[in-house]
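One structure is given below, encoded as structure tokens.
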Ligand code: DLL
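Numbering (my numbering), first residue to last: 1 to 436.
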């Protein structure tokens, strides 16, 4: 039988959950309106008062918050509690511009770690497990969040942080790590290093991995499961709403249950802001129902995905989100066609290549160019130029079928693409440099 961290919440009926969300939302809107001038001004501008929000059905009346609001309000403008009541600051990795800082009270930390404990329990974690955490520690939320969740569950926690991959494997073997937490790209690298060290999955005790913080495909999941001999589960979150644990995958491995008692999700049309019905792809928007220090109402994540209330075999009733296909700002528009790096990753793995690739986009003579550098596995290397050209053509053809545009594929030597120990950088868009 599936074990839950908080059975009452995780298997709550729809009606009870709605009631809980409604009550929490009403209190949260009041808290934010009274304590955050920045948001009060946005609400006043829209002519909405806290009394107008009686349930989640009224949520659409509230204004959205965007990343640029967070930047405008940096650092204290969205703080809803006195600093004397805050105990922690975390911050975004800053891959796309200025950092965002988020504040936590002890209550916020407890709730966040609780969400991570739900994720660890959902993959079968108990106090018998050794939880090996190779997300970065520090301002990044990955390490601290899963560390806290692992303690709550009572796992023996290994706060490894990322890097020094051979040492990671040595510790894994010596201390019998059973659950690995890191980015999927780092998990792939650990799998590859295991193999390079002449070891196999039978030499380690891992049974499950909790991988997130970046988009990854089903093909990547299968490849990691094979290389490490585990079940690989997805976990989602963002600094602005707390960190990892906003949503987590269960034994069904078909999308992530959102901890909707804490984070109320909506899917909107990113162009018009209109709320879309369940099942339609759009931008994910979250309202923190329980955070005290940094509660964001209707925060636009820019992540594109779909929600589903289909019954789940694990028994959880929490709404599910599909794997995000990437951020709306990760989407490349090349010669007018929308391209997600994840589509390229799918083609590569389906065709027997490793998930080590680098996409380069440029504009030459006013035409966009798409070059995909793909690393070969040692057994794919050939000293015959015609063989290599043939392989490149075949891969380019497969990508054209998926994307609808013609890329140039360059097969490059094994191990020549820099490995990632955190969030992988897959795209260099040189057009942005020219446009500056
Ligand atoms: O990445 C928090 C986290 C840490 C999540 C560890 C999971 C595991 P940020 O650095 O603020 O926080 O980045 C948040 O990363 O808006 C998504 O675009 C992306 N992201 C996070 N998890 C996933 C996932 C952490 N499972 C941003 N799949 C989010 C796809 C993800 N994208």
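All C-beta atoms, glycine included, are put in the ideal place defined by N, C-alpha and C.
- By the criterion of a C-beta distance shorter than 7 Å, residue 152 is surrounded in its chain by 113, 114, 117, once the five residues flanking it on both sides are discounted.
- By the neighbour-count criterion, in which 16 or more other beta carbons inside 10 Å mark a residue as buried, residue 425 falls on the exposed side.
- Residue pairing by DSSP places residue 265 opposite 286 in a beta bridge.
- Residue 384 and residue 100 have their C-alpha atoms spaced approximately 50 Å apart.
- At a threshold of 7 Å, residue 214 counts as near the ligand DLL, since its beta carbon sits closer than that to one of the ligand's heavy atoms.
- Under the three-state reduction of DSSP output, residue 293 falls in the coil class, being neither helix nor strand.
- When the alpha-carbon of residue 139 is set against those of 88, 184, 127, 36, the nearest one is in 88.
- If the five residues before and after residue 79 are omitted, its C-beta is found closer than 7 Å to the C-beta atoms of 103, 293, 294, all from its own chain and listed in chain order.
- With 16 or more other Cβ atoms from the protein chains shown falling within 10 Å of its own Cβ, residue 147 counts as buried.
- As the crow flies, the alpha-carbon of residue 261 is around 13 Å from that of residue 7.
- The three-state secondary structure of residue 140, taken from DSSP, is coil.
- Between residue 270 and residue 282, the beta carbon gap of about 6 Å places them in contact (Cβ cut-off 8 Å).
- Linking residue 387 to residue 373 through their CA atoms gives a straight-line distance of about 17 Å.
- Per DSSP, residue 421 lies in no beta strand (DSSP E) and is assigned neither H nor E.
- Residue 82 counts as exposed, since fewer than 16 other C-beta atoms from the protein chains shown sit within 10 angstroms of its C-beta.
- Within the segment 182–221, the runs of beta strand (DSSP E) at least 3 residues long that lie entirely inside it are, in chain order, 208–212.
- For residue 259, the closest C-alpha among the options 247, 268, 47, 252 is that of 247.
- Residue 300 counts as buried, since at least 16 other C-beta atoms from the protein chains shown sit within 10 angstroms of its C-beta.
- Cβ neighbours of residue 357 within its own chain (closer than 8 Å, five residues either side excluded): 344, 345, 348, 372, 373, 374, 375, 417, 426.
- Within 10 angstroms of the beta-carbon of residue 423 lie 16 or more other beta-carbons, which makes it buried.
- Going by C-alpha positions, residue 234 is about 14 Å away from residue 124.
- In this structure, residue 175 sits away from residue 206, with a CB-CB distance that is not shorter than 8 Å.
- Residue environment for residue 333: exposed (fewer than 16 other C-beta atoms within 10 angstroms of its C-beta).
- About 6 Å separates the CB atoms of residue 210 and residue 119; that is less than 8 Å, so the two are in contact.
- The closest heavy atom of the ligand DLL lies 7 Å or more from the beta carbon of residue 64.
- Between the C-alpha atoms of residue 364 and residue 337 there is a straight-line separation of about 17 Å.
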